[in-house]
Amino acid sequence: MAGHNKPAIGVDPAVTKYTNMIENRHKYFRWTPRTAWLTITYVFLVPGALGYLGYVTDVRASISVTRQQLTSPGQVQYESEAKRRHDI
Numbered sequence: 007m008a009g010h011n012k013p014a015i016g017v018d019p020a021v022t023k024y025t026n027m028i029e030n031r032h033k034y035f036r037w038t039p040r041t042a043w044l045t046i047t048y049v050f051l052v053p054g055a056l057g058y059l060g061y062v063t064d065v066r067a068s069i070s071v072t073r074q075q076l077t078s079p080g081q082v083q084y085e086s087e088a089k090r091r092h093d094i
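First residue of the sequence shown? That's 7 in our numbering, and the numbers climb one at a time after it.
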């Protein structure tokens, strides 16, 4: 039958231990100040910062598009929010 041969190379016990640790990490997880801070950072602060950055540098399509503004079918010329507010 297939699959009952010895491994061609020896198995490193450190690699086996590391693999088992990675597979069972969820069983030994504990909330510590470090894990709480990392969770808050990656769940709230990073997406919040990216969302704020996207909101500040917002580029929107013109709502009232005329035929001349279309450069190709389905494509709208974009203008920045600062240009709309006449900040530039």
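Glycine included, each C-beta is placed from N, C-alpha and C at the ideal position.
Residue-level contact to chain B via CB, residue i, 8 Å cutoff
{"i": "ASP18", "result": "Looking at the structure shown, chain B is missing, and only one protein chain is on hand."}
Nearest-angstrom Cα separation, counted from residue j out to residue i
{"i": "THR45", "j": "PRO19", "result": "32 Å"}
{"i": "ASP64", "j": "VAL52", "result": "18 Å"}
{"i": "LEU56", "j": "THR41", "result": "22 Å"}
{"i": "VAL62", "j": "TRP43", "result": "26 Å"}
Same chain, Cβ closer than 7 Å to residue i, neighbours up to 5 away in sequence not counted
{"i": "ALA14", "result": "none"}
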